[in-house]
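Inspection log for the structure reproduced underneath, given as structure tokens.
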RNA sequence: GGCGGCUUCGCCAAGUGGACUAAGGCCACGGUUUGCAAAACCGUUAUCCUGGGUUCGAAUCCCAGAGCCGCCUCCA
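Numbering (my numbering), first residue to last: 33 to 529.
Next comes the structure, spelled out in structure tokens:
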């Protein structure tokens with residue numbers, strides 16, 4: 033068994049072997065923080081989060097760097113248009129730094145909610161201006177860049193391999209070019225490394241070429257080089273960044289260093305909404321904050337992982353509802369398992385499950401090894417869930433150890449790797465047995481006490497076979513969104529949505 | 001116009017030429033369990049867009065066609 037990744041550079045699945053044994057240097061293109069994150073961000077960063085988690089599970093020491101773009105990303109293309117940060121800051125009457133802070137926090141807030149592990153380093157572009165200037169100087173020295181009217185451009189003609197990632201060749205680019213001809217460029221395909229700041233452009237830094245600001249592509253090259261070295265094991269990002277962003281990164285980095293920039297390029301596919309492309313310009317993008325009003329972040333995460341990262345994902349209420357139910361099924365098993373662990377006795381009962389556990393684990397790992405096939409991996413979890421439910425319902429006594437082994441496996445596969453199963457230690461009291469009580473709803477003590485009185489009273493009625501009254505209580509509670517479940521070992525209640 | 005991708009049960013979605021009479025989830029319908037429910041379990045539902053071809057063997061490879069989508073402007 034060996035982990036394989038689909039490499040966008042070679043367009044093949046390849047066995048993953050890092051440059052340095054046991055170590056993985058990974059860089060993922062982070063957000064431009066000029067607005068709240070949307071579900072497209074969720075797909076991308078959940079996908080890469082699981083890759084990081086899985087690599088760590090396999091024993092690699094991963095250094096995961098994800099940039100925060102807070103300058104240089106223009107509205108039009110890399111060379112013309114307004115700076116997104118600046119434009120938005122002016123609209124909201126904020127300092128650019130203030131705006132960036134607001135949306136950076138918003139970003140981390142939502143990523144935390146999705147249970148993404150934080151990157152080891154989250155470098156800001158504006159905090160790395162000297163590194164970027166240094167890189168530009170190096171490129172000028174080596175003859176790959178030229179100064180033109182206070183701006184610096186990369187000379188694409190001098191870098192023969194330009195196009196090797198995206199499959200674009202320059203003649204095509206010129207032929208299909210819809211970009212306005214920029215007279216400062218020698219070749220229309222050349223891209224900006226450094227832009228001269230016009231008067232009134234307040235995001236500006238001193239440079240050897242006058243005051244200006246860095247081009248968007250530059251930060252990723254400069255910062256990845258600084259923190260991860262000249263060659264990365266993995267560089268990830270969204271499909272739409274292949275051209276021009278990643279193509280330009282390759283050009284800058286390899287022209288400067290003369291070594292391969294990235295060993296494995298990994299790209300995730302895009303999100304559509306009700307079958308339609310989701311885009312800023314189309315105005316149909318759904319922020320995570322809105323999505324979370326309706327769906328638990330774990331549901332969103334589970335929904336994302338139910339589809340392979342290289343497949344497009346269509347976001348619709350129907351699909352999310354289905355995912356919500358599916359996840360609930362999985363979590364129900366865990367919940368029942370935990371309840372059982374509480375009441376189980378130690379003792380040397382026969383080990384009834386270890387073979388099943390091994391089988392499930394093997395299926396899970398094989399799926400993950402095959403280019404992070406989370407969809408199949410989740411299927412393995414459902415299979416396990418079925419086995420466990422059957423066992424729990426069988427009436428036979430099961431040893432605590434055996435139950436804890438099952439729990440440990442769920443924690444490992446569903447928790448540590450996929451991040452869709454909460455930790456047992458985070459659990460709420462037993463009475464709050466709703467699927468999402470785990471990290472979400474905390475009931476006050478009075479509510480819990482009242483519910484206990486109600487449940488106890490009803491159970492007295494049930495003992496006396498007063499079905500009409502006990503059903504009345506259950507129905508009335510149901511009307512106000514509380515469901516009662518009568519189980520052999522007691523009654524639990526949960527809030528319904 | 002150039003480049004790339006997708007089309008698998010009612011819906012979502014895995015499928016690495018041969019244990020595929022195709023995983024898993026949702027929905028539906030039967031059944032078991034339950035005082036009745038809920039949860040859970042069991043069962044029922046596809047020959048893989050169309051047409052050719054390669055092969056002993058194809059959902060998986062090749063060709064042609066239809067439909068959908070992405071990138072080539074900004075977006076994860």
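All C-beta atoms in this analysis are idealised placements derived from N, C-alpha and C, irrespective of residue type, glycine included.
- Looking from the CA of residue 140, the closest CA among 65, 90 and 103 belongs to 65.
- The C-alpha of residue 245 lies about 12 Å from the C-alpha of residue 118.
- With at least 16 other beta carbons inside 10 angstroms of its own, residue 249 counts as buried.
- CA-to-CA, the gap between residue 437 and residue 512 works out to about 38 Å.
- Under the 8 Å Cβ criterion, the stretch 359-372 counts as touching the stretch 418-427, having at least three qualifying pairs.
- Counted as a single uninterrupted DSSP element, the beta strand (DSSP E) harbouring residue 527 occupies residues 522-527.
- Burial of residue 69 is indicated by the presence of at least 16 other C-beta atoms within 10 angstroms of its C-beta.
- Annotation: the stretch 365-404 contains the following complete segments of the alpha helix (DSSP H) (minimum length 4 residues), in chain order: 386-401.
- Bounds of any beta strand (DSSP E) do not take in residue 438; it lies within the alpha helix (DSSP H) bounded by 432-442.
- The criterion of a C-beta distance shorter than 7 Å is not satisfied by residue 144 and residue 186.
- In the DSSP assignment, no residue is bridged to residue 489.
- DSSP places residue 180 inside the beta strand (DSSP E), whose first and last residues are 177-180.
- Taking all protein chains shown into account, residue 155 has 16 or more neighbouring C-beta atoms within 10 Å of its C-beta and is therefore buried.
- Judged by their CB atoms, residue 235 and residue 128 are nearer to each other than the 7 Å cut-off.
- Within the same chain, no residue comes within 6 Å of residue 159 by CB-CB distance, once the 5 residues on both sides are set aside.
- Around the CB of residue 268, 16 or more other CB atoms lie within 10 Å, so the residue is classed as buried.
- Contact check for residue 197 against residue 41 passes: the beta carbons are separated by less than 7 Å.
- Assigned with DSSP and collapsed to three states, residue 476 falls in coil, not helix or strand.
- The beta carbon of residue 243 sits closer than 6 Å to the beta carbons of 229 and 236 from its chain, once the five residues preceding and following it are set aside; these are given in chain order.
- Residue 52 sits away from residue 63, with the two beta carbons spaced by 7 Å or more.
- Here the stretch 71-85 lies against the stretch 300-311, with 3 or more beta-carbon pairs under 8 Å apart.
- Here residue 44 has 38 as same chain residues with Cβ atoms under 8 Å from its own Cβ, once five neighbours each way along the sequence are excluded.
- Using a Cβ-Cβ distance cut-off of 8 Å, the stretch 294-304 and the stretch 340-355 are in contact, since at least three pairs of beta carbons, one from each stretch, lie closer than that value.
- Beta-carbon to beta-carbon, residue 116 and residue 183 are separated by about 18 Å, too far to satisfy the 8 Å threshold.
- If you look at residue 425, you'll find it in the alpha helix (DSSP H) that goes 406-425.
- Remark: C-beta atoms of residue 431 and residue 358 do not approach each other more closely than 7 Å.
- Note on the stretch 212-244: whole beta strand (DSSP E) runs with a minimum of 3 residues are 223-228, in chain order.
- The alpha helix (DSSP H) runs of length 4 or more contained entirely in the stretch 144-176 are, from start to end of the chain, 161-173.
- Under the 8 Å Cβ criterion, the stretch 491-500 does not count as touching the stretch 389-409, having fewer than three qualifying pairs.
- Assigned with DSSP and collapsed to three states, residue 55 falls in strand.
- Shown here, residue 102 sits in coil according to DSSP, grouped into three states, outside any helix or strand.
- Beta bridge pairing from DSSP links residue 308 with 305.
- Burial of residue 295 is indicated by the presence of at least 16 other C-beta atoms within 10 angstroms of its C-beta.
- Counting the other CB atoms within 10 Å of its CB gives residue 85 a total of 16 or more, which places it among the buried residues.
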